[in-house]
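Presented below is the structure to which this report refers.
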Amino acid sequence: RLVMFANPLNPVGSWLTPEALQRVVNAVSPETLLVVDEAYAEYAAGDDYPSAATLLRDSGLHWVALRTFSKAYGLAGARLGFGLVSDPDLRGF
Numbered sequence: 001r002l003v004m005f006a007n008p009l010n011p012v013g014s015w016l017t018p019e020a021l022q023r024v025v026n027a028v029s030p031e032t033l034l035v036v037d038e039a040y041a042e043y044a045a046g047d048d049y050p051s052a053a054t055l056l057r058d059s060g061l062h063w064v065a066l067r068t069f070s071k072a073y074g075l076a077g078a079r080l081g082f083g084l085v086s087d088p089d090l091r092g093f
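For the sequence shown, the UniProt record's numbering gives the first residue as 1, with consecutive numbering after it.
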C-alpha cells in the first residue's frame, strides 16, 4: 500500500499542520509506505514549515520525503532532487 500527497500544496503554499499530519499517520497501517512530495517546501511562508522528515521520524511508519532543487533554485533543466527515507531498505530505489 502507498499513500502519497504533496505538502505544501502548489500553488497556494499552504501545508498540513503537525496535528493534521498526525491524523494521517494514525489512519494508515504500519505496512503502508507514506510518500510526501515536498517540492514546494521552500515556498512555504516563513520558517514555520514543519518538514515531513522531522514530523515522521519517530512515527514507526515507512516513509519517503521527496525534495527537489528545480523549483526554488531554478535548476528545472537539471531534474535534480533527493529523498529522505525512514528505512535503509528503501535507499536503493
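Each residue gets a CB set at the ideal place from its N, CA and C atoms; glycine is no exception.
Report task. Out of Asp87, Tyr43 and Leu56, state which residue places its alpha-carbon closest to the alpha-carbon of Tyr73. Result -> Tyr43
Requested in this report: Give me the Cβ distance between Gly83 and Leu55, rounded to the nearest whole Å; I'm assuming they're in contact under 8 Å.
Outcome: Actually they do not touch by this definition, with Cβ atoms about 16 Å apart.
Query raised in the report: Is it true that the CB of Asn10 sits closer than 8 Å to the CB of Val36?
Result: Cβ distance not < 8 Å, so Val36 and Asn10 don't count as in contact.
Report task. Count the other C-beta atoms from every protein chain shown that fall within 10 angstroms of the C-beta of Ser29, then say buried if there are 16 or more, exposed otherwise. Result -> exposed
Query raised in the report: Where Leu33 and Val64 are concerned, what is the direct C-alpha to C-alpha distance, given to the nearest angstrom?
Result: Near 8 Å, if we compare the C-alpha coordinates of Val64 and Leu33.
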